[in-house]
Amino acid sequence: MIKHILKRILIAIPVLFCVILVIFIMLRVLPGNPAETMVGEHVSQAVIDKISREMGLDEPLYLQFFRYVGNAIRGDFGTSYRLNRNVTNIILEAFPNTVKLSLCAAVIAWVIGISAGLISAIYRNRILDRLFMGTALMGVSMPVFMIALVLQYVFAFKLELFPVSGYDSMKAMVLPAIALGWNSAGSIARMTRSNLVEVMQDDYIRTARAKGLMEGGVILHHALKNAMLPVVTMMALQVSSMLSGAVLTESVFGIPGIGRLAVNAIETRDMPLLQGTVVFTTILVIIGNLAADLLYSVLDPRIREEA
1 MIKHILKRIL IAIPVLFCVI LVIFIMLRVL PGNPAETMVG EHVSQAVIDK
51 ISREMGLDEP LYLQFFRYVG NAIRGDFGTS YRLNRNVTNI ILEAFPNTVK
101 LSLCAAVIAW VIGISAGLIS AIYRNRILDR LFMGTALMGV SMPVFMIALV
151 LQYVFAFKLE LFPVSGYDSM KAMVLPAIAL GWNSAGSIAR MTRSNLVEVM
201 QDDYIRTARA KGLMEGGVIL HHALKNAMLP VVTMMALQVS SMLSGAVLTE
251 SVFGIPGIGR LAVNAIETRD MPLLQGTVVF TTILVIIGNL AADLLYSVLD
301 PRIREEA
């Protein structure tokens, strides 16, 4: 297991390095001077040149890149051009809001997805099955921003049951969590149903039925346990994807998380802040993938033996 963990970490290092390199190059090839963006338009060229030298923007790109990588290894992502604050501190302040949103969305996705998949498998090819799977397909197909806007219009604007935006109470987090978890709930429901239907055809399920066990006990105590192995892995991966992919949800509902930081950094061409958010979310995805691999190895001894 330790060798497996080290192997995954070694694989993740070049991936993270490539992500840093790509985002660094992309931001440098864009037109415009970051120093000019930082101080404004009505400043003399001499002042802009002086600030560029102080920020190291006049040095060769490869020197800027390796200096950035060295600082990033120490946890220093630079200073925000717009806010004039340490990027790491800004990200750490916004991260709890993203975690709160993602955990609420994950709980909603897990409860709805597993319940819908279980009911669909039990009532396979009946009205409930088609209703739940049709809803799940709609959840997978609809983009997050459309779900968010529909929820805002119906439940916040028309029915006035929830706030239109904000994050200061659990009531305010309901609509953002549903919008973010809707897609994941559809994926979990579809996978739970397909796995459970497949497991229900195995020999040990027929043996359990032949012993006189009730159908509910066969499903809950025998079939569901094995059917949930790949679903649990998907759920672990979805948590990391929610942490890194809440950009649209946070922007629509005005939640000051990492996703909204990235959008603001793009709008203001704040390169250190944008680089920091991208690298930070990449690390979250890598950690999520590693956690999913380890969790699957714990749940399935066969995977652990192969590792």
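Quick note: the sequence shown uses my numbering, first residue 1, plus one each step. Every residue gets a Cβ at the ideal spot worked out from N, C-alpha and C, and that includes glycine.
Do Cys-104 and Ala-210 have their C-beta atoms within less than 8 Å of each other? At the C-beta level, Cys-104 and Ala-210 stay beyond 8 Å of one another.
List the endpoints of the continuous alpha helix (DSSP H) containing Phe-77. Premise fails: Phe-77 is in no alpha helix (DSSP H) and is neither H nor E.
Quick check on Asn-84: does DSSP put it in helix, strand or coil? In the structure shown, Asn-84 adopts coil according to DSSP, grouped into three states.
How many Å lie between Pro-96 and Ala-116 at the Cα? Each residue's Cα considered, the two are about 30 Å apart.
Between the Cα of Val-218 and those of Ile-122, Met-146, Thr-282, spot the shortest distance and give me the residue it belongs to. Selection Ile-122, Met-146, Thr-282 evaluated against Val-218 yields Ile-122 as nearest (Cα-Cα).
Compute the Euclidean distance between the alpha carbons of Gln-201 and Leu-6, then round it to the nearest angstrom. Distance from the CA atom of Gln-201 to the CA atom of Leu-6, rounded to whole angstroms, is 38 Å.
With a threshold of 8 Å, are at least 3 pairs of Cβ atoms found where one atom belongs to the segment 159 to 173 and the other to the segment 77 to 91? Because the criterion of three Cβ pairs below 8 Å is not met, the segment 159 to 173 and the segment 77 to 91 do not touch.
Start-to-end residues for the alpha helix (DSSP H) that takes in Ile-5: Segment 2 to 29, the alpha helix (DSSP H) holding Ile-5.
Find out if the Cβ-Cβ distance for the pair Gly-181, Ala-106 is shorter than 8 Å. Yes; because the gap between Cβ atoms is below 8 Å, this pair is in contact.
Would you decide whether Met-191 is buried or exposed? Buried here means 16 or more other CB atoms lie within 10 Å of its CB. Buried is the call here.
What three-state label does DSSP hand Asp-203 in the structure shown? Judged by DSSP in its simplified three-state form, Asp-203 adopts helix.
Using the beta-carbon count (16 or more within 10 Å), is Arg-193 buried or exposed? Classification of Arg-193: buried, given that the 10 Å Cβ count is 16 or more.
Less than 8 Å between the C-beta atoms of Val-144 and Leu-248, yes or no? Judged by their CB atoms, Val-144 and Leu-248 are nearer to each other than the 8 Å cut-off.
Just how far apart, CA to CA, sit Ser-244 and Val-197? Going by C-alpha positions, Ser-244 is about 32 Å away from Val-197.
Three or more C-beta pairs closer than 8 Å, one from the segment 13 to 30 and one from the segment 269 to 282: is that the case here? Touching, per the Cβ criterion.
In whole angstroms, what separates the C-alpha of Asn-183 from that of Val-232? Roughly 16 Å separates the two Cα atoms.
By Cβ distance below 7 Å, which residues in the same chain neighbour Val-87 in space, the five residues on each side in sequence not counted? Correct list, in chain order: Phe-77, Gly-78, Thr-79, Ser-80, Pro-272, Leu-273, Gly-276.
Select from Trp-110, Ser-240, Ile-25, Ala-94 the residue whose C-alpha is nearest the C-alpha of Gly-288. Restricting attention to Trp-110, Ser-240, Ile-25, Ala-94, the CA atom closest to the CA of Gly-288 is found in Ser-240.
Count the other CB atoms within 10 Å of the CB of Asn-125; is the residue buried (16 or more) or exposed (fewer)? Around the beta carbon of Asn-125, a 10 Å sphere encloses fewer than 16 other beta carbons of the protein chains shown; the residue is thus reported as exposed.
What are the boundary residues of the alpha helix (DSSP H) that Ala-136 is part of? Start and end: 127 to 141.
Could you work out which residue in Tyr-167, Lys-171, Ala-223 is closest to Phe-155 when comparing CA atoms only? Measuring from the Cα of Phe-155, the nearest candidate turns out to be Lys-171.
When the Cα atoms are used, what is the spatial distance from Met-242 to Met-235? Roughly 10 Å between the two C-alpha positions.
Apart from the five residues on each side of it in sequence, which residues of its chain come closer than 6 Å, Cβ to Cβ, to Arg-130? Excluding residues within five positions, none has a Cβ falling inside 6 Å.
As a quick exercise: from Ala-185, Ile-188, Ala-227, pick the residue whose alpha carbon is nearest that of Ile-205. Answer by Cα proximity: Ala-227.
Relative to the ligand MN, is the shortest distance from any of its heavy atoms to the C-beta of Asp-270 smaller than 7 Å? This structure simply doesn't include the ligand MN, nor any ligand for that matter.
In the DSSP assignment, find the alpha helix (DSSP H) that holds Ser-169 and state where it starts and stops. Per DSSP, Ser-169 belongs to no alpha helix (DSSP H) and is neither H nor E.
What residue does the alpha helix (DSSP H) around Met-214 start on, and which one ends it? The continuous stretches of alpha helix (DSSP H) do not include Met-214, and DSSP gives it neither H nor E.
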